[in-house]
Ligand code: PAF
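In this note's numbering, the protein residues as written are 12 to 295.
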C-alpha cells in the first residue's frame with residue numbers, strides 16, 4: 012500500500028491506475044478505523060480494481076465546542092489494517108495540504124442540512140460537503156462508499172455529487188453493528204462500560220418503533236416509545252427522533268413512501284446516532 016500526503020504525488024499515482032484502464036473506488040474516512048470502516052473497504056474492493064482510502068480529520072466539520080482535538084487519531088494502527096485489507100493507496104493529507112493558506116470556498120447544499128443533526132451542529136454539513144467535494148476532485152474516483160449510519164450525510168453527499176455533476180457513483184453501505192445491535196462508531200470509544208451496556212437501548216428502541224409504524228401504530232406514538240426507552244436507559248433528552256422521507260429528509264406524517272427513522276442522543280460524553288429503514292406495505 013502506498014501512503015501519500017501530497018496532492019502532486021497523489022495525482023501521479025492515480026494516473027498510473029487510469030493509464031492501466033483500472034477503476035477506482037474511494038472510501039473517505041476520518042481514521043480510527045473499526046470493522047464498520049473495513050466493511051466499506053470490502054465493498055470498495057468488490058466494486059473496483061483499485062481502492063483508495065482517505066484519512067483526514069476534517070477541522071471544518073467540527074464546531075467550536077466539539078471534539079476535534081480529542082477525536083481519536085491512530086494512523087499507525089489504521090495503516091496496518093488498510094495494508095492487511097489490500098488497500099492500494101492511503102491518502103492522508105495534512106490540514107495545510109487540504110486547506111492551504113487563503114482557502115475561502117464553502118459548499119453548502121440547501122435545505123437537507125438544516126434539520127436533524129444539522130440543527131444541533133451548524134456548519135457541520137458544509138464542512139462535510141466541502142471536504143468530500145475536494146476528495147472527489149483530488150481522487151476522481153468512479154465510486155465512493157459511505158456508511159448508512161450517517162444517513163443525513165449520505166443524502167447530502169448524493170445531492171451534492173449529482174448537483175455538481177461530479178460523476179461519482181455514491182454508494183451507501185448498510186450500518187455495521189456490534190453483536191448486541193449497537194451501530195459501530197469511532198465515538199463508541201467515549202462510552203464507559205456501564206454506558207456501553209445501556210447504549211443498546213438506541214437500536215432496540217428504533218427497531219421496535221420501526222416495526223410499530225410498519226404495523227400501523229401512529230408515528231407520534233411510536234416516536235414517543237423511543238424517547239421513553241432512551242430516558243429509561245440514561246440518555247439525555249434526544250436531539251431528535253424523527254421519521255423522514257428517505258431521500259428528501261422531510262418529516263412524514265404518514266408512511267406513504269420509503270422512510271427512515273433517525274435518532275441522535277447523548278449518553279455520557281458520546282453523541283450517538285442511528286437510523287433504520289421503515290417501509291410502507293406493498294399493495295397486493
Ligand atoms: O463520515 C466521515 O467520516 C466524515 O464525515 C467524512 C465523510 C470522511 C468527511 O470528513
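Using N, Cα and C, we set each Cβ at its ideal position, and we do this for glycine too. None of these values were measured; they are calculated from a predicted model.
Boundaries (first-last residue) of the beta strand (DSSP E) holding residue i
| i | result |
| --- | --- |
| residue 13 | 13 to 15 |
| residue 183 | 180 to 184 |
| residue 287 | 281 to 289 |
| residue 157 | 154 to 158 |
Cβ-heavy atom distance, residue i to the ligand PAF, below 6 Å
| i | result |
| --- | --- |
| residue 69 | yes |
| residue 41 | yes |
| residue 139 | yes |
| residue 63 | no |
| residue 142 | yes |
Sub-7 Å separation of residue i and residue j beta-carbons
| i | j | result |
| --- | --- | --- |
| residue 35 | residue 19 | no |
| residue 103 | residue 16 | yes |
| residue 64 | residue 56 | no |
| residue 136 | residue 168 | no |
| residue 233 | residue 246 | no |
| residue 304 | residue 186 | Given a span of 12 to 295 for the chain in the structure shown, any question on residue 304 remains unanswerable. |
| residue 72 | residue 139 | yes |
| residue 162 | residue 286 | yes |
| residue 221 | residue 237 | no |
Collapsed DSSP secondary structure at residue i in the structure displayed
| i | result |
| --- | --- |
| residue 253 | strand |
| residue 273 | strand |
| residue 111 | coil |
| residue 218 | helix |
| residue 246 | coil |
| residue 37 | strand |
| residue 100 | strand |
| residue 65 | strand |
| residue 83 | coil |
| residue 43 | coil |
| residue 278 | strand |
| residue 268 | coil |
| residue 70 | helix |
Integer-rounded CB distance, given that residue j should sit under 8 Å from residue i
| i | j | result |
| --- | --- | --- |
| residue 274 | residue 202 | With a Cβ gap of about 16 Å, residue 274 and residue 202 do not count as contacting. |
| residue 208 | residue 241 | Not really, about 14 Å apart at Cβ, beyond 8 Å. |
| residue 255 | residue 263 | 6 Å |
| residue 42 | residue 132 | The pair is not a contact, with the Cβ atoms about 20 Å apart (cut-off 8 Å). |
| residue 193 | residue 272 | Not quite, the Cβ-Cβ distance comes to about 16 Å (not below 8 Å), so this is no contact. |
| residue 145 | residue 109 | 7 Å |
| residue 197 | residue 45 | 7 Å |
First and last residue of the uninterrupted alpha helix (DSSP H) at residue i
| i | result |
| --- | --- |
| residue 130 | 128 to 131 |
| residue 146 | 135 to 150 |
| residue 27 | 18 to 30 |
| residue 168 | 162 to 174 |
| residue 205 | 204 to 210 |
CB contact check: residue i to chain B, cutoff 7 Å
| i | result |
| --- | --- |
| residue 273 | Considering every chain present, this structure includes no chain B. It has just one protein chain. |
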